[in-house]
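Novice: Just so we're aligned, residue 157 is where the sequence shown starts under our numbering, counting upward by one.
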Amino acid sequence: VLVRTPEQLEVTLSFSPPPASITLDYLELYGLKPSVERVKAHGIPVRVASPRILKPTEQNLQKFLVSLDCEILVRSGGLLEGLQQDFEQDAMQGESKPALSKPALTGDFSLNAANMLTTTALLELGLQRITPTHDLNAQQVTELAGLVGSELLEVIVYQHLPVFHTEHCVFCRFLSTGTDYTNCGHPCESHQIVLRDERGVTHPVLADVGCRNTVFEGRPQVAGSHLSAWQAAGIEHFRLEFVHETPQ
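So, in structure tokens, the structure goes:
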């Protein structure tokens, strides 16, 4: 289960039986460490989601994610390569400094694993599992599982499809007189925003730690009708992702 608010986390922790793991995808990084500890205290494996973009000035985010001492959902190739470089350097230095605790890594859909070649190449970079790109339909996911190994795929079965990711911050533009994160007052931390299209459908907008915004499809995609075929193909890792859903 992937949650994006502490309120969603609290109700997820109350599930009986508990989920196999919980992924935290928070806007505010400062809330991650106590939430990671709460999940660990419940005896549930915990994972943190990385930003979709990692710029040259944001390498400290990589160190922060590793410092949480839990699994990481990797969303960018730059982060994946950076993690591998850190662990290789750590191994070369040996006992000259304390060894980093190497987290288990899962690749997200944004790494674009669309076929056996890209999936295998990404897995060889140190991923334990990978989520296929959203460009694949249900049958193609089944075929990919047969080619690379069903135990290596993690398939999303409930989600609001992320349809647009942008540097432009809607929160800053419409809820602030500021121009960037230094003077906007951070309305993203206290307000929710949706975009309403010409049909009246509302599409959630979320900001990330780098102030980039993701627009999500308002109607959830539910893969319930494909579960039996995927399970028959040997797929056993399934993820549910929540955006603006209330705890209820």
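From the three backbone atoms N, C-alpha and C, an ideal C-beta is built for every residue, glycine too.
All of these numbers come straight from a predicted model, not from anything done at the bench.
May I have the straight-line CA-CA distance separating Cys340 from Lys189, to the nearest angstrom?
Specialist: Position 184 of the sequence shown, counted from the start, is the residue given in the question as residue 340. Position 33 of the sequence shown, counted from the start, is the residue given in the question as residue 189. Going by the C-alpha atoms only, they are around 25 Å apart.
Novice: Looking at C-alpha atoms only, which residue of Arg355, His316, Val365, Glu310 is the closest neighbour of Tyr337?
Specialist: Translated into positions along the sequence shown, residue 337 becomes position 181. Taking only the C-alpha atoms, the option nearest Tyr337 is Val365.
Novice: With a Cβ-Cβ cutoff of 8 Å, do Leu180 and Val159 count as a contact?
Specialist: Residue mapping note: residue 180 aligns to position 24 of the sequence shown, counting from 1. Residue mapping note: residue 159 aligns to position 3 of the sequence shown, counting from 1. Yes, the Cβ-Cβ distance between Leu180 and Val159 is below 8 Å.
Novice: Expressed to the nearest angstrom, what Euclidean distance is found between the alpha-carbon atoms of Leu293 and Cys328?
Specialist: Counting from one through the sequence shown, the residue named residue 293 turns up at place 137. Counting from one through the sequence shown, the residue named residue 328 turns up at place 172. According to the sequence shown, residue 293 is Asn rather than Leu. Cα to Cα, Asn293 sits roughly 36 Å from Cys328.
Novice: Report back the beta-carbon spacing between Trp386 and Thr298 to the nearest angstrom; my notes put them in contact at under 8 Å.
Specialist: As a working mapping, residue 386 is identified with position 230 in the sequence shown. As a working mapping, residue 298 is identified with position 142 in the sequence shown. Between Thr298 and Trp386 the Cβ distance is about 6 Å, and since that is below 8 Å, they are a contact.
Novice: Along the chain, where does the alpha helix (DSSP H) that runs through Leu224 open and close?
Specialist: What you label residue 224 is simply residue 68 of the sequence shown in a count that begins at 1. Careful: Leu224 lies outside any alpha helix (DSSP H) and carries neither H nor E.
Novice: Taking C-beta to C-beta, are Val202 and Ser177 nearer than 8 Å?
Specialist: Position 46 of the sequence shown, counted from the start, is the residue given in the question as residue 202. Position 21 of the sequence shown, counted from the start, is the residue given in the question as residue 177. It is a contact, given that the beta carbons lie within the stated cut-off.
Novice: The alpha helix (DSSP H) that contains Ala385, what's its start and end?
Specialist: Against the sequence shown, residue 385 aligns to sequence position 229. Its alpha helix (DSSP H) spans residues 383-388.
Novice: Just to confirm my understanding: we take Ile209, look at its own chain, exclude 5 residues before and 5 after, and list those with CB closer than 7 Å. What are they?
Specialist: As a position in the sequence shown, residue 209 is number 53, starting the count at 1. Cβ within range, chain order: Ser232, Gly366, Arg368.
Novice: For Glu193, does the count of other Cβ atoms within 10 angstroms reach 16, so buried, or fall short, so exposed?
Specialist: Locating residue 193 in the sequence shown gives position 37, counting from the first residue. That one is exposed.
Novice: Going by alpha carbons, who is nearest to Ala270 out of Leu309, His316, Glu166?
Specialist: One-based indexing of the sequence shown puts residue 270 at position 114. Out of Leu309, His316, Glu166, Leu309 has the C-alpha closest to the C-alpha of Ala270.
Novice: So is Arg395 buried or exposed if we call it buried at 16+ other beta carbons inside 10 Å?
Specialist: Taking the sequence shown and counting its residues from 1, the one referred to as residue 395 is at position 239. Burial call: buried.
Novice: Confirm, please, whether the CB-CB distance from Phe320 to Val371 is below 8 Å.
Specialist: The count along the sequence shown starts at 1 and reaches residue 371 at position 215. The count along the sequence shown starts at 1 and reaches residue 320 at position 164. Yes; because the gap between Cβ atoms is below 8 Å, this pair is in contact.
Novice: Considering Cα atoms alone, identify which of Glu244, Gln295, Ala363, Ser381 is closest to Ser206.
Specialist: To locate residue 206, count along the sequence shown from 1; it is residue 50. Of the listed residues, the one whose Cα sits closest to Ser206 is Ala363.
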